[in-house]
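Visitor:
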Amino acid sequence: MLTLLRRSLLVLLALALIAYATWIQWRPTSFFLSDLRSSLAFSQGQDSGRGNLLGIQPELQGADYRSALHLHRKLSAYLDQARQQGLLNPKTVVVLPEHIGTWLVAVGEKREVFAARDLAEARIWLGLSHPLELLRALFANQGTARFSDALLRMKARQMADDYQSLFGGLAETYGVSIVAGSIVLPEPSVVDGVLQVGDGPLYNVSLVFGSDGLPLGQPQRKVLPHREEDSFTAAASDQALQVVTTPAGRLGVLIGTDSWRAESYAPLIAQQVELLAVPAYLPGNGHWNEVWSGTPSDLRSRANPLSEGQAWLHHSLPMQLAPSGARAGMAVFLRGQLWNLGSDGRSLAVTPAGTQLVEEAPGARLFNLWL
1 MLTLLRRSLL VLLALALIAY ATWIQWRPTS FFLSDLRSSL AFSQGQDSGR
51 GNLLGIQPEL QGADYRSALH LHRKLSAYLD QARQQGLLNP KTVVVLPEHI
101 GTWLVAVGEK REVFAARDLA EARIWLGLSH PLELLRALFA NQGTARFSDA
151 LLRMKARQMA DDYQSLFGGL AETYGVSIVA GSIVLPEPSV VDGVLQVGDG
201 PLYNVSLVFG SDGLPLGQPQ RKVLPHREED SFTAAASDQA LQVVTTPAGR
251 LGVLIGTDSW RAESYAPLIA QQVELLAVPA YLPGNGHWNE VWSGTPSDLR
301 SRANPLSEGQ AWLHHSLPMQ LAPSGARAGM AVFLRGQLWN LGSDGRSLAV
351 TPAGTQLVEE APGARLFNLW L
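So that you can map any letter, position 336 of the sequence shown is 336 in full-length UniProt numbering, and since no number is skipped, the others follow by simple counting.
As structure tokens, then:
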């Protein structure tokens, strides 16, 4: 009797393992109708033949990352709208928001990931879909948030390939330069024109793609990770900050809170920066008008409480542009609903003459600055 029971349990276990292995391999084809609306918030200045900075504040949902093709279609719709408005030319520099590439971690995943109630549940389904890869990534882990580190690390090569193919392809198709927001990758570098990943710490990085689809320079690493990402991303050195040459001028990229630090601008000034791009992300709905909680101690100011939005205006690009000597810059926020994270932030364009904020409106927002 016991022998029969053991055999039955072994058979059931074997069937369960076969079913699990089959479930892991199954990736159903999905169709998703995304909101492709976009509108022009403002276009400042006149076309004088010197190019322009074009900010795209997208409105993204988790399902936009079901495949790289889904995201490509959405971003193409925004660029088509910009072309119809006469805002694209060989000297255009398109600026996209922070972490727009990080969510490529979800590409090709199961329906359960996108149907999850919150990010925590989505992460569990993601891990269950890749048990062996997850175990290997956990052993290679280098962050304090081990699970987050492992999930990003185990899909890093696919993410890097999708990131270059997607944003490099868009730059080549539309004949523009693209500041491709940012993506979290382990020890990334460009080798012979190809974005590669290594075995070191995770960094939040941005790449600029030229109109030939190839990267300009090395990945720009974030120096001051936000408090919600410093448990799994490493901080880079100020000396890693670089300027790349675009048809519109010498461009420096500062990711998110890096734009708050005067120290971040010194290496760019030394490299004669002319244009500044700030890909940004502010999680949580309604945070722009809430009281600013402060950032690391060198930036904390409690004497006069500020809202999050006021803090961006007082500490970031609007205050730093003039000392940098740059002619113009813009900060672009990621908007939409990625699982339960929410989003906020008003994108802005800055010149020596002043700052213009993007007004709230449904759908994606485009804003343009002629140079």
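Quick reminder that beta carbons are idealized off the backbone N, C-alpha and C, glycines included.
1) Relative to the alpha-carbon of Gln356, which residue among Ala180, His226, Leu317 and Arg157 has its alpha-carbon at the smallest distance?
2) Taking only three categories from DSSP, how would you classify Thr355?
3) Around the Cβ of Leu322, are there at least 16 other Cβ atoms within 10 angstroms (buried) or fewer (exposed)?
4) Measuring CA to CA, which of Pro90, Arg37 and Leu313 is closest to Thr246?
5) Judging by CA-CA distance, which residue of Asp199, Ala115 and Leu275 is the nearest neighbour of Ala150?
6) Hey, Ala349 and Gly55 are a contact pair by Cβ (cut 8 Å); roughly how many whole angstroms apart?
7) Measuring only the C-alpha atoms, how far is Ala21 from Pro131?
8) Rounded to whole angstroms, what's the CA-CA distance from Leu276 to Glu98? Just pull it up for me.
9) What does Ile269 pair with, by DSSP beta-bridge criteria?
10) With a cut-off of 8 Å, do at least 3 Cβ pairs link the segment 249-260 to the segment 334-351?
11) Express the C-alpha separation of Val194 and Leu369 in angstroms, rounding to a whole number.
12) By the 10 Å Cβ neighbour count, where 16 or more other Cβ atoms means buried, how is Glu59 classified, buried or exposed?
13) Check whether the Cβ of Arg50 lies closer than 8 Å to any heavy atom of the ligand GTP, and answer yes or no.
14) For Val113, name the three-state secondary structure that DSSP assigns.
15) Could you tell me the alpha carbon to alpha carbon distance between Leu313 and Asp80, rounded to whole angstroms?
16) With Gln84 as the anchor, note down where its alpha helix (DSSP H) starts and where it stops.
17) From the DSSP output, read off the bridge partner residues of Thr246.
18) Quick one: is Val291 buried, meaning 16 or more other Cβ sit within 10 Å of its Cβ, or exposed?
19) Please confirm if Ser324 has its CB atom under 9 Å from at least one CB of chain B.
20) Going straight from the alpha carbon of Leu13 to that of Leu88, what length do you get?
21) For Thr92, which beta-bridge partners are listed by DSSP?
22) Do the CB positions of Val223 and Ser237 come within less than 9 Å of each other?
23) Could you check if Gln57 is buried or exposed, using at least 16 other CB atoms within 10 Å of its CB as the buried criterion?
24) Considering only residues of the same chain and omitting the five flanking positions on each side of Gly249, which have a CB-CB separation below 6 Å?
25) Do you know whose CA, among Tyr281, Arg346 and Asn285, lies nearest Ile183's CA?
26) For a quick check, are the C-beta atoms of Leu126 and Val113 less than 9 Å apart?
Guide: On the basis of the coordinates in this document:
1) Residue 356 sits at position 356 when you count from the first residue of the sequence shown. Among Ala180, His226, Leu317 and Arg157, the Cα nearest to that of Gln356 is on Leu317.
2) Along the sequence shown, one-based indexing puts residue 355 at 355. Here Thr355 sits in strand by DSSP.
3) Counted from its first residue, the sequence shown places residue 322 at position 322. Rather than Leu, the amino acid found at residue 322 in this sequence is Ala. With fewer than 16 Cβ atoms within 10 Å of its Cβ, Ala322 is classed as exposed.
4) Taking the first residue of the sequence shown as position 1, residue 246 is located at position 246. Of the candidates Pro90, Arg37 and Leu313, the one whose C-alpha sits nearest the C-alpha of Thr246 is Pro90.
5) By one-based count along the sequence shown, residue 150 stands at place 150. If we check each option's Cα against that of Ala150, Asp199 comes out closest.
6) The count along the sequence shown starts at 1 and reaches residue 349 at position 349. The count along the sequence shown starts at 1 and reaches residue 55 at position 55. About 7 Å separates the two Cβ atoms, so the contact holds.
7) In the sequence shown, counting from the first residue as 1, residue 21 sits at position 21. In the sequence shown, counting from the first residue as 1, residue 131 sits at position 131. With a pLDDT of 45 at Ala21, under the threshold of 50, the predicted position of this residue should be treated as unreliable, though the coordinate-derived value follows. Their Cα atoms are separated by approximately 10 Å.
8) Your numbering for residue 276 matches position 276 in the sequence shown. Your numbering for residue 98 matches position 98 in the sequence shown. Near 14 Å, if we compare the C-alpha coordinates of Glu98 and Leu276.
9) Looking up residue 269 in the sequence shown gives position 269. In the DSSP output, where bridge partners are listed per residue, Ile269 has none listed.
10) no
11) The residue you call residue 369 lines up with position 369 of the sequence shown. The residue you call residue 194 lines up with position 194 of the sequence shown. Rounded to the nearest angstrom, the two C-alpha atoms are 30 Å apart.
12) On the sequence shown, position 59 is the one that residue 59 refers to. With 16 or more Cβ atoms within 10 Å of its Cβ, Glu59 is classed as buried.
13) This structure simply doesn't include the ligand GTP, nor any ligand for that matter.
14) Reading the sequence shown from its first residue, position 113 is the one you call residue 113. Three-state DSSP puts Val113 in a helix.
15) Working through the sequence shown from its first residue, we reach residue 313 at position 313. Working through the sequence shown from its first residue, we reach residue 80 at position 80. One C-alpha to the other measures close to 31 Å.
16) Numbered from 1 along the sequence shown, position 84 holds the residue referred to as residue 84. Gln84 -> alpha helix (DSSP H) spans Ala68 to Gln84.
17) Position 246 of the sequence shown, counted from the first residue, corresponds to residue 246. For Thr246, which the question treats as bridged, DSSP gives the partners Gly249.
18) As a position in the sequence shown, residue 291 is number 291, starting the count at 1. Looking at its Cβ environment, which holds fewer than 16 other Cβ atoms inside 10 Å, Val291 is exposed.
19) This model lacks chain B altogether; it includes just one protein chain.
20) As a working mapping, residue 13 is identified with position 13 in the sequence shown. As a working mapping, residue 88 is identified with position 88 in the sequence shown. With a pLDDT of 49 at Leu13, under the threshold of 50, the predicted position of this residue should be treated as unreliable, though the coordinate-derived value follows. Using only the alpha carbons, I get a separation of about 59 Å.
21) Residue mapping note: residue 92 aligns to position 92 of the sequence shown, counting from 1. Beta-bridge pairing links Thr92 to Asn52.
22) Stepping through the sequence shown from its first residue, residue 223 is reached at position 223. Stepping through the sequence shown from its first residue, residue 237 is reached at position 237. Yes, the pair counts as a contact, with Cβ atoms nearer than the cut-off.
23) Stepping through the sequence shown from its first residue, residue 57 is reached at position 57. Under this definition Gln57 is a buried residue.
24) In the sequence shown, residue 249 corresponds to position 249, counting from 1. Glu274 and Leu275, listed in sequence order.
25) Reading the sequence shown from its first residue, position 183 is the one you call residue 183. When each option's Cα is compared against that of Ile183, the closest is Tyr281.
26) The sequence position of residue 126 within the sequence shown is 126, counting from 1. The sequence position of residue 113 within the sequence shown is 113, counting from 1. Contact flag set, yes.
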